[in-house]
Amino acid sequence: MIISKVKQGQKFGFVDKLGKKIVACIYDDVKDFSEGLAGVNKREGKSDWDNLFGKAGFIDEKGNEVIPCIYDWDASYGYSFVEGISIVKKDGKYGFINKAGEEIVPCIYDWVFKFDDNFILVQKDDKYGLITKNGKEMLSCTYENMCHSGVKELISVQKDGKYGFINRTGREIVPCVYDAIGTFKNEQVKVKKDDKYGFIDRVGNEIIPCIYDNVCISENLFKVEQDGKHGYIDINGTIIVPIIYNSINPYEGLCKVEKDGKYGFVDVTGIEVIPLIYDNAYIPSNKTKAIDKTHKWGSVEKVLTKAECPFEYANDLEGWGVRVKKDGKYGFVNELGNEIVPLIYDHAWDFIDGVARVKKDGKYGYFNKSGKVVTPIEYEYAWDFSDGIGKFQKNGKYGFIDKNGKEIVPAIYDYAWDFKDGAGRVKKDGKYGFVNKEGKANVIYDDANNFSGGLGRVEKDGKYGFVDATGDEVVPVKYDYANNFTNGFARVKKDGKYGFVNSKGKEIISTSYDYAWNFYEGLARVEKGNKYGFINASGKEIIPLNYSYVGDFFDGFAKVEKDGQLCYIDKAGEHQDIAKRKMYEDFISNVMENM
1 MIISKVKQGQ KFGFVDKLGK KIVACIYDDV KDFSEGLAGV NKREGKSDWD NLFGKAGFID
61 EKGNEVIPCI YDWDASYGYS FVEGISIVKK DGKYGFINKA GEEIVPCIYD WVFKFDDNFI
121 LVQKDDKYGL ITKNGKEMLS CTYENMCHSG VKELISVQKD GKYGFINRTG REIVPCVYDA
181 IGTFKNEQVK VKKDDKYGFI DRVGNEIIPC IYDNVCISEN LFKVEQDGKH GYIDINGTII
241 VPIIYNSINP YEGLCKVEKD GKYGFVDVTG IEVIPLIYDN AYIPSNKTKA IDKTHKWGSV
301 EKVLTKAECP FEYANDLEGW GVRVKKDGKY GFVNELGNEI VPLIYDHAWD FIDGVARVKK
361 DGKYGYFNKS GKVVTPIEYE YAWDFSDGIG KFQKNGKYGF IDKNGKEIVP AIYDYAWDFK
421 DGAGRVKKDG KYGFVNKEGK ANVIYDDANN FSGGLGRVEK DGKYGFVDAT GDEVVPVKYD
481 YANNFTNGFA RVKKDGKYGF VNSKGKEIIS TSYDYAWNFY EGLARVEKGN KYGFINASGK
541 EIIPLNYSYV GDFFDGFAKV EKDGQLCYID KAGEHQDIAK RKMYEDFISN VMENM
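Residue numbering for the sequence shown follows the UniProt record's numbering, starting at 1 and increasing by one per position.
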């Protein structure tokens, strides 16, 4: 049965999917039904703190109060059954009940949180422990913090400000002697002690002693730092790459290293396969190694055979070749050093969409990857290709060219912007519009914005709409304002009210709201009569407009305010106490910040 909560006046009840009332509006607040039961709130007397005070219980789908209202209401936490149990609160303390109303975990804890499928994390007097779902105490509340360790058998704990590990029976496996601990990876975990770092195994053996300024796992070895120097050690602590380098960066069996301002490469055994005699070194994507010695560049293969670096500059181009500079001129060579594009240009840029632009004697042009000049070097300026089209300037005017060198749009425009989504924005004689790749233009608008979501926003006579790449008006120019498309929708305004249109031009949400925000995570904030809520892409008000403030959804939660009280809701409108949930997550974050 599909049941929805409703509000009449200041009271809540429930209706079925046909709108038939099944639970009268007699409650001061309610939670959604979960596993056949819903948490309800009855306030005893008047209060200005609606939804915060009162007593709580549960009703079934017929409206029967199966668990009496004897618990403290908490609008942001608990009162929703999951796997047959629900968090409840009594006299300011938390516990768990089952569907029969039996307190399987007594209400004696300051806070409770599901730890995993078998255990519940509890807090009492600022200390943490673990209990089972049946209420049996597994670990007493003696620890300052507890969290997952990365392996099922162990739990990270904090005691007297120090960290260690216990097993699920509470036996101390690693004593709480460390200033910080990480989570296990590959059977090891990073630890910190007296501002030094090391690694321990599952039973607490320090496989890497805490003597390093930093240490991390890198390709089955440990990269270490000591007194500002870097190197590598193995799991036994044996030095593999001497700890003598100012910097060290691994790459597929080699490490780029620097010492005394010079660069080279060492292998995983520590042997310097390329001596440290170069001013710089890098590994481009095609895996040939380029180096710089007195600002001359070449490949490692050449350096090893004849120590010759013929170029003043070299930039790898993802396996196609290398852009180089020699004697002040630019060109392109392949991996063997053979010229693909002669070194005759004053400047050359990288390939974009298979075409690169060059400059010679103050003029610009293009060539392709086969080294063929696409256009004469005659333009006043040329820009990188975008969406398969290049923009150029000639005689002070702007036009567009394709990859074959054809001027698909002649240089007749006062200004032009890059192509995007099949169209380029242009300006002529004070009017704006778009041209497509066939050269078709529609330049009649007072303003135009670049394409977004396959459509371009235009303005004419103070009204807004959207056109496609052919220039056709997909969304009529009739709105007082329109935002660019975001997540498939554009926000529009008409007669002072807001709504949304889709990329087909359909007004999917009528302009009926005082204000509306863009969609995030499938929902959009809307305002009407100074009340806020959320709608979905169909225009349905998923979360009623009864809040004085709402924020956008992020990771499934949104911050809301009602009657001066702030809390979080999920996409079903359920109140969630994110602050309490974050207590557990923040423990992990705080530990990792010290790692």
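Positions of the beta carbon are idealized from the N, C-alpha and C atoms, including for glycine.
Could you check what DSSP says for residue i in three-state terms: helix, strand or coil?
i, result
"Phe351", "coil"
"Leu18", "coil"
"Ser76", "coil"
"Arg357", "strand"
"Phe554", "strand"
"Trp517", "strand"
"Phe184", "coil"
"Ser47", "With a pLDDT of 48 at Ser47, under the threshold of 50, the modelled position of this residue cannot be trusted; read the value that follows with caution. Of the three classes helix, strand and coil, the one that applies to Ser47 here is coil, per DSSP."
"Trp417", "strand"
"Asn64", "coil"
"Ala572", "coil"
"Trp111", "strand"
"Thr238", "coil"
"Gly365", "strand"
"Ile3", "strand"
"residue 599", "Residue 599 lies beyond the range of the chain shown here (1 to 595); nothing can be said about it."
For residue i, which residues in the same chain have their Cβ closer than 7 Å to its Cβ, ignoring the five residues on either side in sequence?
i, result
"Ser149", "Ile155, Ser156, Phe165, Thr183 and Phe184"
"Glu541", "Gly533 and Ile535"
"Asn436", "Gly422, Ala423, Ala469 and Thr470"
"Asn449", "Gly456, Arg457 and Asn484"
"Ala558", "Val550, Gly551, Asp552, Tyr568 and Ile569"
"Asn502", "Gly488, Phe489 and Ile508"
Where do the ends of the beta strand (DSSP E) carrying residue i lie?
i, result
"Ser140", "Glu137 to Tyr143"
"Asn436", "Lys431 to Asn436"
"residue 602", "With the chain represented from 1 up to 595, any question about residue 602 goes unanswered, as that position is not in the structure."
"Pro410", "Val409 to Tyr413"
"Asn487", "That residue, Asn487, is in no beta strand (DSSP E); it is neither H nor E in DSSP."
"Ser86", "Ile85 to Lys90"
"Asn404", "No beta strand (DSSP E) contains Asn404, which DSSP labels as neither H nor E."
"Gly465", "Lys463 to Val467"
"Gly231", "Lys229 to Ile233"
"Asn338", "First-last for Asn338: undefined, no H or E at that position."
"Val203", "No beta strand (DSSP E) contains Val203, which DSSP labels as neither H nor E."
"residue 597", "Lying before the first or after the last residue shown, residue 597 is absent from the chain, which here runs from 1 to 595."
"Asp195", "Neither: Asp195 is in no beta strand (DSSP E) and is coded neither H nor E."
"Tyr94", "Lys93 to Asn98"
"Arg168", "Element bounds for Arg168: n/a, residue is neither H nor E."
For a quick check, are the C-beta atoms of residue i and residue j less than 8 Å apart?
i, j, result
"Tyr366", "Ala348", "no"
"Trp73", "Gly101", "no"
"Val475", "Gly505", "yes"
"Ile207", "Ile235", "yes"
"Val467", "Gly456", "yes"
"Lys5", "Ile26", "no"
"Gly231", "Tyr245", "yes"
"Phe392", "Phe419", "no"
"Thr511", "Lys494", "yes"
"Val23", "Ile70", "no"
"Lys531", "Tyr515", "no"
"residue 608", "Gly439", "There is simply no residue 608 to check, as the chain begins at 1 and stops at 595 in what is shown."
Between residue i and the rest of its own chain, which residues show a CB-CB distance below 8 Å, the 5 nearest in sequence each way excluded?
i, result
"Lys93", "Cys107, Ile108, Tyr109 and Asp110"
"Lys329", "Leu343, Ile344, Tyr345 and Asp346"
"Asp361", "Asp346 and Ile377"
"Gly396", "Glu380"
"Glu153", "Asn167, Arg168 and Arg202"
Is it buried or exposed, residue i, if we count other Cβ atoms within 10 angstroms and call 16 or more buried?
i, result
"Thr169", "exposed"
"Thr375", "buried"
"Gln8", "exposed"
"Asn205", "exposed"
"Ser80", "buried"
"Tyr568", "buried"
"Thr470", "exposed"
"Gly78", "buried"
"Ser370", "exposed"
"Lys192", "buried"
"Gly433", "buried"
"Lys31", "buried"
"Asp555", "exposed"
"Gly19", "exposed"
Among residues of its own chain, excluding the 5 on either side of residue i, which ones have a beta-carbon nearer than 6 Å to its beta-carbon?
i, result
"Asp421", "Phe451 and Gly454"
"Gly129", "Val122, Leu139, Ser140 and Cys141"
"Glu137", "Ile131"
"Ile352", "Asp384 and Phe385"
"Asp50", "Confidence at Asp50 is low in this model, with a pLDDT of 43, below 50, so its placement is unreliable and the value that follows should be read with caution. Excluding positions up to five away in sequence, the list reads Asp563."
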